[in-house]
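*Asks:* Before we start, here is the structure in question, set down as structure tokens.
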Amino acid sequence: MTQPRSKIRVAVIYGGRSGEHEISLQSAASVIRNLDRERFEVIPIAIDKKGRWLLNELTMLEGTGKSLPMIESAPKVVLPPNPTASGGGGLVPLGSTGATRAIDVVFPVMHGPLCEDGSIQGLLELADLPYVGSSVLGSALGMDKDVAKRLAREASIPIVPWIALKKEPWSRNPSATADAVKTQLGYPCFVKPANTGSSVGVHKVKEPSGLDAAIRDAFQYDTKILIEKAVAAREIEVAILENPDPGLPPLASVAGEIIPTHEFYSYESKYLDENGAALRIPADLKAEQMDEVRALAQKVFSVLELEGMARVDFFIDKNTGELFFNEVNTIPGFTSISMYPKMWEATGVPYKELLSRLIDLAVGRHARKSALVREFHGK
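With this note's numbering as the guide, the letters of the sequence shown map in order to residues -17 to 361.
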């Protein structure tokens, strides 16, 4: 009889075919370094920019610093959408005689399209594996900024005015978009892809002459973009964690504030300029504002059917004090200096404990789903 393993085998998946590939390598390095080795056996799985899955060993990654390498010579594996006899999925080697590597739970540490949008989550559902974070539905809703805003508006969550735009209609009649921006939003405005994160392809447009170029660039990253009214605002974020009791509301951290030194919190200020932004945790808010933004973040988490974790981002108008929901990140940055873990640390949940809680939530949620009846035979 096979003896049960003493540790939970956690596959940390990182990289991916996304413009946020390099950011994922930094987040995953931090996650792997901080997972509790007393409880978890870590299996690092890299996905390169061509979509190939590479099975790494921890010894390959020793001494690699704040970012993980993409080791192209590592053994290639696949995760077939086909549960094993024991009920979960396993990594199957390609082009070798190696054995299938069993997995207990998956921690996806990837950002952007094909990673954070429900794609990898769908594969993990078919493989019958527990995984950290939101389901297919929640991931897709959180990734699509346009649909997320529509649902938020339906739930009376305040948002800034925006226009959603598909590439083909815009190409046929760009002047109609220019007119709509002028009459509905005004200048300045922000142009951004609907399904990316990390401020990839985001532009602040100050006058009509800059609109066309910003739209063209945003369409390089997505087939749908958003154009939003710009407000003079502070950027406030709240970290949300699913409640271990499924009948209770999600947990909210203290709010933090991003104070960019650039004109706005751009990709450059986030990742290329080490002095691009200051982080203030907790945010300098009145007690009632802190309570309001935390409650709104919990509401967004529930309205968008999110699970596991999310970072919910808001604007606070500098002139009126009004709060506006901006977007959610269902797999937020996970470096040791990223806002999500730092906000939880300030709320009393250290980084290592946070990772353990997320894995426990994934296992518990999978167990509840596994108890559902999959067959119907009638009466």
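C-beta atoms are modelled at their ideal positions from N, C-alpha and C, and glycine is treated no differently.
State the beta-bridge partners of residue 113 as determined by DSSP.
*Replies:* 88
*Asks:* Given residue 283, which residues of its chain have a CB within under 6 Å of its CB, disregarding the five upstream and five downstream residues?
*Replies:* 222, 232 and 292
*Asks:* Suppose the cutoff is 8 Å on Cβ atoms and the five residues either side in sequence are ignored; what does the same chain contact list for residue 91 look like?
*Replies:* Annotation for residue 91: -6, -5, -4, 6, 9, 10, 13, 313 and 316 place their beta carbon closer than 8 Å to its own, counting only its chain and skipping 5 residues before and after.
*Asks:* Count the other C-beta atoms from every protein chain shown that fall within 10 angstroms of the C-beta of residue 254, then say buried if there are 16 or more, exposed otherwise.
*Replies:* Note that residue 254 scores 47 on pLDDT, short of 50, meaning its location in the model is unreliable and no value can be drawn from it.
*Asks:* Distance check for residue 167 and residue 144, CA to CA, integer angstroms please.
*Replies:* 7 Å
*Asks:* If I follow the unbroken alpha helix (DSSP H) through residue 350, where does it start and stop?
*Replies:* 333 to 352
*Asks:* Jot down the residue ranges of each uninterrupted alpha helix (DSSP H) in the segment 117 to 163, minimum 4 residues, whole runs only, in chain order.
*Replies:* 118 to 125, 127 to 136, 149 to 154 and 156 to 162
*Asks:* Grab the span of the beta strand (DSSP E) containing residue 26 for me, first residue to last.
*Replies:* 22 to 29
*Asks:* For residue 216, which of helix, strand or coil comes out of DSSP?
*Replies:* In the structure shown, residue 216 sits in a strand (DSSP, three-state: E or B).
*Asks:* I need the DSSP call for residue 251, collapsed to helix, strand or coil.
*Replies:* With a pLDDT of 47 at residue 251, under the threshold of 50, the predicted position of this residue should be treated as unreliable, and no value is reported.
*Asks:* To test your reading of the DSSP string, which unbroken alpha helix (DSSP H) runs of 4 or more residues are found completely within the segment 192 to 244?
*Replies:* 193 to 200
*Asks:* Using the Cβ count rule (16 or more neighbours within 10 Å means buried), how would you classify residue 178?
*Replies:* buried
*Asks:* Along the chain, where does the beta strand (DSSP E) containing residue 185 start, and where does it finish?
*Replies:* 185 to 187
*Asks:* Based on Cα-Cα distance, which residue from 306, 331, 289 and 295 lies nearest to residue 103?
*Replies:* 289
*Asks:* How is residue 273 classed by DSSP in three states: helix, strand or coil?
*Replies:* helix
*Asks:* Could you tell me the alpha carbon to alpha carbon distance between residue 109 and residue 125, rounded to whole angstroms?
*Replies:* Rounded to the nearest angstrom, the two C-alpha atoms are 22 Å apart.
*Asks:* I need the straight-line Cα distance from residue 83 to residue 115, nearest angstrom please.
*Replies:* 22 Å
*Asks:* From the DSSP output, in three-state form, read off residue 174 for me.
*Replies:* strand
*Asks:* Would DSSP call residue 265 helix, strand or coil?
*Replies:* coil
*Asks:* Is the distance from the Cβ of residue 61 to the Cβ of residue 37 below 8 Å?
*Replies:* The answer is no: Cβ separation not under 8 Å.
*Asks:* From 190, 176 and 215, pick the residue whose C-alpha is nearest to that of residue 240; which is it?
*Replies:* 215
*Asks:* Below 8 Å between beta carbons: does that hold for residue 137 and residue 281?
*Replies:* Residue 281 sits close to residue 137, with the two beta carbons spaced by under 8 Å.
*Asks:* Who are the near neighbours of residue 171 in its chain, counting only those whose CB is closer than 7 Å to its CB and skipping five residues on each side?
*Replies:* 163, 187, 209, 210, 211 and 212
*Asks:* How many angstroms separate the CA atom of residue 394 from the CA atom of residue 305?
*Replies:* The first residue shown for the chain is -17 and the last is 361, placing residue 394 beyond what the model contains.
*Asks:* Whole-angstrom Cβ separation of residue 286 and residue 100, contact assumed at under 8 Å?
*Replies:* Actually they are not in contact, since the Cβ atoms of residue 286 and residue 100 sit about 12 Å apart, beyond 8 Å.
*Asks:* Let me confirm a value: residue 358 is counted as buried when at least 16 other C-beta atoms fall within 10 Å, else exposed. Which label applies?
*Replies:* exposed
*Asks:* Should residue 2 be labelled buried (16 or more other beta-carbon atoms within 10 Å of its own) or exposed?
*Replies:* buried
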